[in-house]
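In terms of the numbering used here, the sequence shown opens at residue 12 and continues consecutively. This report concerns only the one structure given below.
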Amino acid sequence: MDSLLSYHMNPLTCGVARFNRALADQLGLPMHQLFSAEAARCRRPLLSIKLSEFAEGDAERLEALVDGWGKAVEPRLFFHDYSATPVEAKLLRRASTVYVGNEALAAELKALHDDVVEAWCPGYLFDAVPFPEEVDISLYTFGMAHKVRADYYYELHDLLEATGKSYCLYISAAIHEGKSLDDSFTSAYEELKRIFGDKIFFLGFISDTGLYNYLRRCTFFAAFFGSGVRANNTSVNTAMQCGAVVLTNLDEHSPHDFVHLESIVDIRQCQGELPLDKALLEGIAARGRSVAEGRGWRPLLELLRGREEIGC
12 MDSLLSYHMN PLTCGVARFN RALADQLGLP MHQLFSAEAA RCRRPLLSIK LSEFAEGDAE
72 RLEALVDGWG KAVEPRLFFH DYSATPVEAK LLRRASTVYV GNEALAAELK ALHDDVVEAW
132 CPGYLFDAVP FPEEVDISLY TFGMAHKVRA DYYYELHDLL EATGKSYCLY ISAAIHEGKS
192 LDDSFTSAYE ELKRIFGDKI FFLGFISDTG LYNYLRRCTF FAAFFGSGVR ANNTSVNTAM
252 QCGAVVLTNL DEHSPHDFVH LESIVDIRQC QGELPLDKAL LEGIAARGRS VAEGRGWRPL
312 LELLRGREEI GC
C-alpha cells in the first residue's frame, strides 16, 4: 500500500473518516480524498469506504474512476458495508485484497473474491485529554461554527494570562445550513488551539441539557462578533437567560441595556484586567438574566399579538 483513500475526510463528523485517519497515521501512509488529484497519482491505494454514505451521483463518479484505472493501479479495499452495487462489483474485480470490518461482511464477500480478510475497526480518540479537576476561571463558548472570531480570543488569552490564575476554555459548535464543519469551523478551532494550547477543550455538538449545565457552571460565557453584540444574537441571549456572565464586545448598535459591568462584560472596556470579584460577577449575572427576560419570548409574543391577528 502506498496511500489510504477516504470519501469523507473530517474525523469530527464521520466515523469512517475517523477510523481512516487513525489507520493512515499508524501505518505512516498519506490519506487523500478519494476524488482528489493526489489520489489519482496513487498506484497501490487502500480504498476504505462505506458506499451507503456517498452523496447522490458520487457512486457513479467512483465507477468512472475505476473504469479509468490503468493496469499500473493495484487497489486494496476496506469495505465498511456492502450493497451489491455495480461499482462495488467492479472494485472487487480490481482489488488484490479485500479487507472487511466484520464477520457478516466476510461471510458475504468470500463467495465473491479469493482474498477476503476479516478485520475490525478499533475505537480511537484523537484528544483523550481529561478535563482539569478544578480551575480558577472556566469559560464556555458556543455558536454557529462559521462565526467563530479567533481575533478576539487573542485578547482574551492575554487577559486570562494576566490574572495569574488557572483557567480553561470549553467550546462547542453548531452548523448553519449550507455550511460544513470542514470549511467553517475546523480552521478557526485550530487557531484557537494555537492560542490556548492544552487549555482548550472541544466538546463537538452538544445537547441543550449539556449546554444549560455548562452555562450555569462557567465563570464567563464568551462570544465575540464582527461589529458588536446585537439583540438578535441568540447565543448571548440564551447564556444570559441561564444566568451566565457574558463576555463579549459592544458597539453603538448593541442593546442599550447591555452595560459593561452592569449586565455584561465588554472585552474592549476591560483595560487589561478581567473582573473576578465574586459578588460583582453574581450581580452582573443577575442583572443580565433580568435584561434577557425583558427580551424573552413573552414580550416578543406580546409585541406580535399587539400588532397582528394571529391564526389561520
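Here a beta-carbon is modelled for each residue, glycine too, at the ideal position from N, C-alpha and C.
Span of the beta strand (DSSP E), counted from its first residue to its last, around residue i
i	result
Y93	That residue, Y93, is in no beta strand (DSSP E); it is neither H nor E in DSSP.
Q44	42-44
A255	Unbroken run through A255: none, as it is neither H nor E.
I295	Per DSSP, I295 belongs to no beta strand (DSSP E); it is in the alpha helix (DSSP H), 289-305.
V111	109-111
L261	Looking at the DSSP string, L261 is not in any beta strand (DSSP E), and its letter there is neither H nor E.
Y181	178-183
L272	No beta strand (DSSP E) contains L272, which DSSP labels as neither H nor E.
Environment of residue i [buried if 16+ CB atoms lie within 10 Å]
i	result
L312	exposed
L45	buried
S274	buried
Y110	buried
S177	exposed
H91	buried
F142	exposed
Y165	exposed
E201	exposed
Cβ neighbours of residue i in the same chain (closer than 6 Å, five flanking residues each side left out)
i	result
P56	S14, L16, P86
I217	S183
I148	K176, Y178, T230
Y135	A33
A242	P266
H19	C25, A28
R309	none
Residues near residue i in its chain [Cβ-Cβ closer than 7 Å; skip 5 each side]
i	result
Y163	F235, N260, I278
P22	A28, R29, R32, F137
Proximal residues to residue i (C-beta, below 8 Å), its chain only, five neighbours per side dropped
i	result
M12	L38, L40, R55, P56, L57, R87
E119	Y93
A161	A199, E202, L203, I206
Residue i, enclosing alpha helix (DSSP H) - first and last residue
i	result
A33	26-38
E129	From DSSP, E129 is part of no alpha helix (DSSP H) but of the beta strand (DSSP E) over 127-129.
G317	That residue, G317, is in no alpha helix (DSSP H); it is neither H nor E in DSSP.
Y106	Before going on, a small fix: residue 106 reads as Ala here, not Tyr. Element bounds for A106: n/a, residue is neither H nor E.
Closer than 6 Å: residue i CB and nearest the ligand ZN heavy atom
i	result
A83	Among the components of this structure there are no ligands whatsoever, and the ligand ZN is therefore not found.
C-beta neighbour in chain D for residue i, strict 7 Å
i	result
F216	No chain D appears in the structure shown, which is made up of a single protein chain.
So, does the region 120-131 touch the region 93-109, judging by three or more C-beta pairs under 8 Å?
Three or more beta-carbon pairs separated by less than 8 Å link the region 120-131 to the region 93-109, which places the two stretches in contact.
Does the count of Cβ pairs from the region 300-307 and the region 252-271 closer than 8 Å reach three?
Touching, yes.
At 3 residues or longer, what runs of the beta strand (DSSP E) sit wholly inside the region 46-82?
Inside the region 46-82, DSSP marks whole beta strand (DSSP E) runs of 3 or more residues at positions 56-60, from first to last along the chain.
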